[in-house]
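Chemist: Can you read through this structure? Questions will come right after.
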Amino acid sequence: MPLKLLTTYRYRLLLQHTYRHNHMLQVRNVANNENKLVGCSDLTNMRNIGILAHIDAGKTSTTECMLFHAGVVKKIGRIDDGDTRMDFMKQERERGITINAANIAFNWLNRTVNLIDTPGHVDFNFEVERCLHVLDSAVLVLDGTEGVQPQTISINKQMTEWTLPRLIYTNKMDRKNADFDRSIKALRKELEVNPVVYTRPVYINGMFRGVVDLISMIVRIHTKNNIQCFPVNGENGGFNEQLIEMGVNRENLEIIIHSRTKLIEELVSFDENLLEEYFEGKTPSPENLKRLLRSCCVNQQVSPVLCGSAVTNIGIDLLLNAIVEYLPSPLDRIESHFPVNFHHDANSPLIAYAFKVIQDRNRGSLVYLRVYSGVLKSHSHIYRLGDRGSEKINRLLLSQAGDLKEIRAVGPGNIGVAVGLKETQTGDVITSDETILTEITKQIETANDCVTKRTASPSQTWLTNLIKLNVPDAVFYCTLYVDSKEEERELVKALNQLTTEDPSLRYKIDPNNEDLVVSGMGDLHLQILIDRLKHEYRIIVKLGKLSIAYQEVPTIVSKEVYETTSTMSGREQHVEIGLRVIPGGQNIKVVNRLGNEVVISRDQLKAIQNAVRAVCVGGGPLIHGPVTELSVELTDFTCEEVTSLNIVSYATRECLTKALRNSELRLSEPVMKVEIKLSEEYVEAVLADLANNRRGIVKRVLTDARASCLEAEVPLEHLLQYSNVVRGLTSGYGEYSSRFLTYRQVANEHQKTIIDRYKGY
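Number 761 marks the last residue of the sequence shown (the UniProt record's numbering); no jumps.
So this is what it looks like as structure tokens:
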């Protein structure tokens, strides 16, 4: 028999009951938070997920629908209306984009879901990266009209590096040009994942009206005020005639049958017993298919693909079901366990990871922490792994997007916000027991060694990734101007706070003219900074010309020795230091090459390391761009025991500056990966412009029945105002997007042009 239809009246009652039930759960949870541990007593019922997507794929809209279904909100927030729960910043609501990742917890099918909604714009990719450190799984949202887009590729690569199981949700299926099967092909080709179709779109008279669950084979048809559920097959064989009478054509139903067969064949290939039974003509039960789909998803053998529309609220409930049924709990993620002696339970020593720091005008630093083992308690002391420093947590908070509720403790697998930690930074590992810092350090050293030897276990690889916070290189910079010295002092204070929040923002004082220079990931990144300075700090700044953030890279080995003698308090202080600059590497690396006979204190070594980094960040001799891709070896060191650390730092700076001048520095420029969508008739003109005017390297040209797509690598210098050029070359129909790819050395002839331009020749 077909499932009983839900009338409009009954459907409304169902929604009201669902909201009331889930809302009461939320109220009880918040009320109890002050007196009990935040977290599930059974970690198998917890899901820590992220929602990730290319910008404008509908990620936040999908999240808002999920919160509505879970009873967190009474009304679905809409970006166009500026009333979304997750995008609560002024700048987010004005621009209709996500800037800061926001997390919220809710219940679904008696499971707790900790959800982090992340930005989709490429300028805020670092915000995505640091959230990936604390996720157990993810939902990748696709735009069903576009399929795989540039930022989709970048995000998927990041998820793969973190070995995150994922669901893929194809959104915007209500659009006329949406193509579900084209998106599936793009997933296989562009992302190199193994997509398994779990739900498919259902059309009535050519309009997207529902989805089908390929395991239960139940079609869910959505109208304005009700949901009608039908089995695909009729009682006497063949298709369900009610579906055909409603306007679902037979071709759509045949595709559903074919898709289910493909789903079964894909899944049973991972289970020898079920595969053998399938060859004998036995179809696996829905229970076995669900069990197998979960196992394959958790082990990253497949990525289940669902579809729907956030605008019409179709397919969201099945997405929520899939999150709790197929994505892993913290206990399933063996990769994210500390290798020895530390486990996901409340009785183990506390280990937590600080993945985000926010500066609150009233509360001070808010440190967002994921707890991996033990219990994080309010009013407790914590110890940092990096510098062995200790601080006290004054209060603990539970984050519900823009709302913060006070709690007493946070258990394993959960996320809490600590108040009172002034020194803890993004990327810090903390514990409540100073005695285990040495054990954790040994584990990290062992893990790093195993990664180098390519013998690391999954948990060792995860651990090395966790402690390695990859802050991207800035690609744009500009000068900030204020009207007075007092405002400049306030501006520096504000920038100290904002760069602590977002390490991909940087600032420095130009040594030539004492201008305050800020750098970031793009024009939008810097515009958001200016807006926040105005509205949050009441500082009006004038923005200088936006410029490319070139880097200076040594190309030959250079060694220098520097001596200095000074008199302080009537006592002579002598320092001799030798440094060797070696090209290569991704970041600034300081290596101690002193023999055992050379005496150097920990504080002196730290002063040398800090001075080296200060010189490199402050800029090289060519155009004062940051010096990168080098190792600096400490080869000689002599000083008196009472020598000031300031003298040691001074000698280090002078020695390194001389060594860099002799290292044949070359400029390195940011190169972007560019994707241009256009009609085939305009391809030749755009290709000619890329080759002749922009030093572009065309990687491939793709053409299908709809349009052409060019992919190229282009120096950022030649992409300023490029969107206007694309529109001009394509009569207004071309679309262009880009993302940072790498830094690449500049050719000799072009380097001279850049230096002359910088010096004003």
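Where a beta carbon is used, it is the ideal one built from N, C-alpha and C, also for glycine.
What residue from Asp523, Val714 and Val746 has the CA that sits closest to Lys699's CA?
Modeler: Checked all of Asp523, Val714 and Val746; the closest Cα to Lys699 is Val714.
Chemist: Report, in whole angstroms, the separation of the C-beta atoms of Glu552 and Gly620, which I expect to be a contact under 8 Å.
Modeler: Confirmed, about 4 Å.
Chemist: Quick one: is Ser558 buried, meaning 16 or more other Cβ sit within 10 Å of its Cβ, or exposed?
Modeler: Classification of Ser558: buried, given that the 10 Å Cβ count is 16 or more.
Chemist: Is DSSP giving Asp179 helix, strand or coil here?
Modeler: Reduced to three states, the DSSP call for Asp179 is coil.
Chemist: Between which two residues does the alpha helix (DSSP H) containing Met66 stretch?
Modeler: Start and end: Lys59 to His69.
Chemist: Bridge partners for Lys673 per DSSP, in chain order?
Modeler: Answer is Glu713 and Arg739.
Chemist: Taking the C-alpha atoms as reference points, what is the distance between Ala354 and Tyr383?
Modeler: If you take the alpha carbons of Ala354 and Tyr383, they lie about 12 Å apart.
Chemist: According to DSSP, is Ala747 part of a helix, a strand, or is it coil?
Modeler: Note: Ala747 maps to coil in three-state DSSP.
Chemist: Beta carbon of Pro670, beta carbon of Tyr743: below 7 Å?
Modeler: Their beta carbons are under 7 Å apart, which means Pro670 touches Tyr743 by this criterion.
Chemist: Are the CB atoms of Lys589 and Ser631 nearer to each other than 7 Å?
Modeler: Yes. Within cutoff.
Chemist: Under three-state DSSP, which class holds Asp689?
Modeler: Here Asp689 sits in helix by DSSP.
Chemist: If we cut at 7 Å on Cβ distances, does Leu687 have a partner in chain B?
Modeler: The structure shown contains no chain B; it holds only a single protein chain.
Chemist: Leu579 to Leu741, Cα distance in whole Å?
Modeler: For Leu579 and Leu741, the distance between alpha carbons rounds to 32 Å.
Chemist: Quick one, which of Val417, Asp181 and Lys176 has its alpha-carbon nearest Tyr169's?
Modeler: When each option's Cα is compared against that of Tyr169, the closest is Asp181.
Chemist: Taking the straight line between their C-alpha atoms, what separation do you get for Pro349 and Ile556?
Modeler: Computed Cα separation, rounded: 48 Å.
Chemist: When DSSP labels each residue in this structure, what does Met46 get in the three-state scheme?
Modeler: It is a strand residue.
Chemist: What three-state label does DSSP hand Gly728 in the structure shown?
Modeler: Helix.
Chemist: Would you grab the beta carbon distance between Thr565 and His574 for me? Rounded to a whole angstrom, and I think it's under 8 Å.
Modeler: Rounded, the Cβ-Cβ distance is 5 Å, consistent with contact.
Chemist: Cα separation between Ile430 and Val726?
Modeler: About 49 Å.
Chemist: Ordered along the chain, which non-local residues of its own chain (more than five positions away) have a Cβ less than 8 Å from that of Leu665?
Modeler: Cβ within range, chain order: Glu552, Val553, Pro554, Thr555, Gly620, Pro621, Leu622 and Val627.
Chemist: Among Ile407, Gly386 and Val492, which has the Cα closest to the Cα of Asn394?
Modeler: Among Ile407, Gly386 and Val492, the Cα nearest to that of Asn394 is on Ile407.
Chemist: Rounded C-beta distance between Leu645 and Asp689? I'm assuming under 8 Å.
Modeler: Leu645 to Asp689, Cβ: 55 Å. No contact.
Chemist: Kindly give me the distance between the Cβ atoms of Leu526 and Val518, rounded to whole angstroms, as I take these residues to be in contact under 8 Å.
Modeler: At roughly 7 Å, the Cβ-Cβ gap stays under 8 Å, so Leu526 and Val518 are in contact.
Chemist: Rounding to the nearest angstrom, what Cα-Cα distance links Ser457 and Pro330 in this structure?
Modeler: Straight-line Cα distance between these residues: approximately 18 Å.
Chemist: Name the one or two DSSP bridge partners that residue 764 has.
Modeler: Not covered by the structure: residue 764. The range shown for the chain is 1 to 761.
Chemist: Which runs of the alpha helix (DSSP H) spanning at least 4 residues fall entirely within the stretch 453-516, listed in chain order?
Modeler: Complete alpha helix (DSSP H) runs here, min 4: 458-467 and 485-501.
Chemist: What are the boundary residues of the beta strand (DSSP E) that includes Thr112?
Modeler: From DSSP, the beta strand (DSSP E) with Thr112 extends over Arg111 to Asp117.
Chemist: For Asn593, which option in Ala614, Leu524, Lys606 and Asp636 has the closest C-alpha, if you only look at C-alpha atoms?
Modeler: Correcting the residue identity first, residue 593 is Arg in this sequence and not Asn. Among Ala614, Leu524, Lys606 and Asp636, the Cα nearest to that of Arg593 is on Asp636.
Chemist: Cα separation between Ser380 and Leu396?
Modeler: Each residue's Cα considered, the two are about 10 Å apart.
Chemist: If you count every other CB in all the chains shown that lies within 10 Å of the CB of Asn177, and 16 or more means buried, which is it?
Modeler: That one is exposed.
Chemist: For Lys677, count neighbouring Cβ atoms within 10 angstroms of its own Cβ and tell me buried if that reaches 16, exposed if not.
Modeler: Answer is buried; the Cβ neighbour count reaches 16.
Chemist: Which residue wins for smallest C-alpha separation from Ile51, given the options Asn252, Lys224 and Leu327?
Modeler: Checking every option, the nearest Cα to that of Ile51 belongs to Leu327.
Chemist: What is the residue span of the beta strand (DSSP E) that His574 lies within?
Modeler: Element bounds for His574: Arg571 to Pro583.
Chemist: Between Ile218 and the rest of its own chain, which residues show a CB-CB distance below 8 Å, the 5 nearest in sequence each way excluded?
Modeler: So the qualifying residues of the chain are Leu3, Val212, Cys229, Phe230, Pro231 and Val232.
Chemist: Can you give the Cα-Cα distance for Thr312 and Asn171, rounded to whole angstroms?
Modeler: Using only the alpha carbons, I get a separation of about 10 Å.
Chemist: Lys262 lies in the alpha helix (DSSP H); which residues open and close that run?
Modeler: Start and end: Arg250 to Val268.
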